[in-house]
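The next block holds one structure in the form of structure tokens; read it before the comments.
Numbering (UniProt numbering), first residue to last: 1 to 203.
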């Protein structure tokens, strides 16, 4: 069956970040490999869409993320960009207003792509969503009403009890992440070498 995979990049990223600094290398994911781990033998991924945004106010994080996106694009993953918006929030600890960056557009972008893909001449047989965000339930239910099967893959440590309506629900485990990491030094098709910014565990 024809599958399109949609990945909420920050939802996946923060689930790995919560594992602690000794597992930061797991952020260096080969999205293609990770996406195929939850499919049946007769399923075929026709497209992978990765939704993210650049943290441009953090120079080192920005560089790391740009390099990672370059690898995903080299692996023929379609990367869809949102953006961060600066907002003012009240800090209850320091009792004053502070500035905070908030990621915007990811949910809207994913929902828009799901709906758009659903109405193509050859829509997918299966939508595979890697996210624990329940805001995406409405477009998934619309797709399901059109006869498209919905597979949800929950990032490690996240809960998604409201996704009981889907046709298949899987959970990412640490072993899935460990088996899907990129090589420490990745060489692109243009011979550019991009190195993992995190320390790999010694064998």
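Glycine residues also receive a C-beta, built at the ideal position from the N, C-alpha and C atoms. What you are looking at is a predicted structure, and each value in this text was computed from that prediction instead of being measured.
| Asked | Found |
| --- | --- |
| Grouping DSSP H, G and I as helix and E and B as strand, with all else coil, what is residue 101? | Confidence at residue 101 is low in this model, with a pLDDT of 48, below 50, so the placement of that residue should be treated as unreliable; the coordinate-derived value is given next. Residue 101: strand per DSSP, three-state reduction. |
| Return the residue from the list 180, 156, 150, 185 that minimises the CA-CA distance to residue 136. | 150 |
| Since residue 17 is in the alpha helix (DSSP H), which residue starts that stretch and which ends it? | 9-17 |
| Per the DSSP calculation, residue 126 is bridged to which residue(s)? | 3, 149 |
| Could you give the distance in angstroms between the alpha-carbon of residue 2 and the alpha-carbon of residue 46? | 6 Å |
| Are the CB atoms of residue 130 and residue 156 nearer to each other than 8 Å? | no |
| Please identify the residue among 148, 25, 190 whose C-alpha is closest to the C-alpha of residue 199. | 25 |
| Which residue comes first and which comes last in the beta strand (DSSP E) that contains residue 193? | 193-195 |
| Which residues in the same chain as residue 34 place their Cβ atom closer than 6 Å to its Cβ, once the five residues preceding and following it in sequence are excluded? | 180 |
| Ends of the alpha helix (DSSP H) at residue 115? | 106-118 |
| Would you report the Cα separation of residue 15 and residue 187, rounded to the nearest angstrom? | 27 Å |
| Return the CA-CA distance between residue 147 and residue 40, expressed in angstroms with no decimal places. | 18 Å |
| Just the Cα atoms here: how many angstroms apart are residue 73 and residue 63? | 15 Å |
| Quick check on this structure: which residue in 109, 38, 142 has the alpha carbon closest to the alpha carbon of residue 118? | 142 |
| Using the three-state DSSP reduction, which class does residue 200 fall into: helix, strand or coil? | coil |
| Per DSSP, what are the beta-bridge partners of residue 79 in this structure? | 50 |
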